[in-house]
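Engineer: FYI, UniProt numbering numbers position 275 of the sequence shown as 275, with every residue one higher than the one before it.
One structure is given below, represented as structure tokens, and several questions about it will come after.
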Amino acid sequence: MSAAPLAGLAAAVAVLALWEALAAIEGRVPADGLARLLRPLARAGRDGREPTPPERRRLALVGTATLCAGGWLVGGPLAALVAGAGGPIGAGLLLRRRRQRYRAELERAAPAVARSLADALGAGHAVSGALVETARGLEGAARTELDGAAAAIAVGEPVDAVLERLRARAGGQAWDTLVGAILLQREAGGDLATLLRELAGAQEEAQRLLDDARAATAQARFTGGVVTVLPAGAAALAELASPGALAAVAALPLAAWLAGFALFLQAIALVAIRRLSRVRA
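Take a look at the structure:
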């Protein structure tokens with residue numbers, strides 16, 4: 001066997017040995033280290049927690065390294081640099097998306113929370129006790145938030161402050177109305193259990209209407225998205241059928257300018273379709 005294959009094999013074994021040595025020094029396998037870096041992302045979707053600035057920086061570094069590796073494999077060093085520049089932005093967008101999903105889950109749980117609170121109040125509990133009882137019968141994001149609220153009340157925080165923090169974390173109209181009804185009843189009095197049951201019914205009806213609207217526009221949104229990405233798919237197929245076709249187009253100034261302007265218009269069309277077809281609460 002020649003020296004070159006042996007040198008390549010030795011380099012590969014050295015990389016693996018170094019990786020295992022680092023893992024042994026840390027006392028954990030490499031997968032655990034990666035899981036630790038991505039844990040803030042999981043918490044954002046599971047508990048709605050905002051990552052700390054150091055955690056955000058680590059996520060940005062992981063995103064940059066991942067995109068650089070993908071760009072290198074696809075297009076070489078230049079593509080790696082261009083793709084890696086989007087690492088911090090991609091990490092931020094992913095965190096935002098996870099947080100939005102968490103809040104959407106909370107929003108859908110608001111009618112069930114209102115109905116459970118009404119039942120607990122009807123059984124004779126105060127608002128603080130009703131929060132504890134309601135949390136026991138829920139799952140997911142709503143239980144996480146109500147468990148936190150009940151724990152804060154148990155250590156002596158004012159109920160009004162806890163409810164206001166719960167409303168701010170939920171960030172939705174349904175929770176604004178729910179917390180507002182509870183706080184108004186604490187100031188002015190009234191039959192809060194009946195009010196919460198009526199509120200739960202109204203919110204459930206509103207959610208049904210939103211679901212119907214999304215279902216009615218789903219086909220139009222999908223068709224619009226497909227139409228806007230068809231030119232990119234056609235360009236990829238042309239490159240596969242005739243390697244170098246895109247490079248030949250880019251070599252001509254007028255053709256490159258027209259292609260870039262077409263991509264710009266496609267991006268505008270995609271954003272316009274998303275905005276026109278968005279269903280808001």
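Every residue, glycine too, gets a C-beta built ideally from N, C-alpha and C.
Computed from a predicted model, the values in this text were never measured in an experiment.
#1: For G244, I'd like the list of residues in its chain whose CB is within less than 6 Å of its CB, leaving aside the five on either flank, ordered along the chain.
#2: Going straight from the alpha carbon of A250 to that of F261, what length do you get?
#3: E145: buried (16+ other C-beta within 10 angstroms of its C-beta) or exposed?
#4: Inspect the CB distances between the stretch 189-196 and the stretch 104-122 and report whether three or more fall short of 8 Å.
#5: Could you tell me which uninterrupted alpha helix (DSSP H) segments, each at least 4 residues in length, are contained entirely in the UniProt domain "Type II secretion system protein GspF" (114-235), listed from first to last along the chain?
#6: Within a Cβ cutoff of 8 Å, which residues of the same chain sit near L140, ignoring the five residues on either side of it in sequence?
#7: Secondary structure at L252, three-state DSSP: helix, strand or coil?
#8: Would you give the residue range spanned by the alpha helix (DSSP H) that G84 belongs to?
#9: Should L121 and V127 be called a contact, given that it needs their Cβ atoms to be closer than 9 Å?
#10: Classify residue 283 as buried or exposed, calling it buried when 16 or more other Cβ atoms lie within 10 Å of its own Cβ.
#11: Look at the alpha carbon of I268 and the alpha carbon of A235, and state the distance between them as a whole number of angstroms.
#12: What distance in whole Å lies between the Cβ atoms of L196 and D160, which are believed to be in contact at a cut-off of 8 Å?
#13: Measure how close the beta-carbons of residue 307 and A60 come, nearest whole angstrom, since I'm counting them as under 8 Å.
#14: For A150 versus L138, is the C-beta spacing smaller than 9 Å?
#15: What does a CB cutoff of less than 7 Å around L41 pick up in its chain, not counting 5 residues either side in sequence?
#16: Straight-line CA distance for E157 to V179?
#17: For residue 294, is the classification buried or exposed, using 16 other Cβ atoms within 10 angstroms of its Cβ as the cut-off for buried?
#18: Would the C-beta of S116 count as close to the ligand FAD, meaning under 8 Å from any of its heavy atoms?
#19: Going by beta carbon distance, what residues of the same chain come within less than 8 Å of A220, once the five residues before and after it are set aside?
Structural biologist: Judging by the given coordinates:
#1: none
#2: 13 Å
#3: buried
#4: yes
#5: 127-136, 140-154, 159-170 and 173-188
#6: Note on identity: in this sequence residue 140 is Gly, with Leu being the wrong assignment. Excluding residues within five positions, the ones whose Cβ falls inside 8 Å are E105 and A109.
#7: coil
#8: P77 to G84
#9: yes
#10: As displayed, the chain neither begins before 1 nor continues past 281, which places residue 283 out of reach and without an answer.
#11: 19 Å
#12: No, D160 and L196 are not in contact; Cβ-Cβ is about 17 Å, not under 8 Å.
#13: No answer is possible for residue 307: it lies beyond the span of the chain, which begins at 1 and ends at 281.
#14: no
#15: L59, L94, L95 and R98
#16: 16 Å
#17: The structure shown does not extend to residue 294, since the chain is modelled only from 1 to 281, so the question has no answer here.
#18: With respect to small molecules bound, the structure shown includes none, and the ligand FAD cannot be examined in it.
#19: S277
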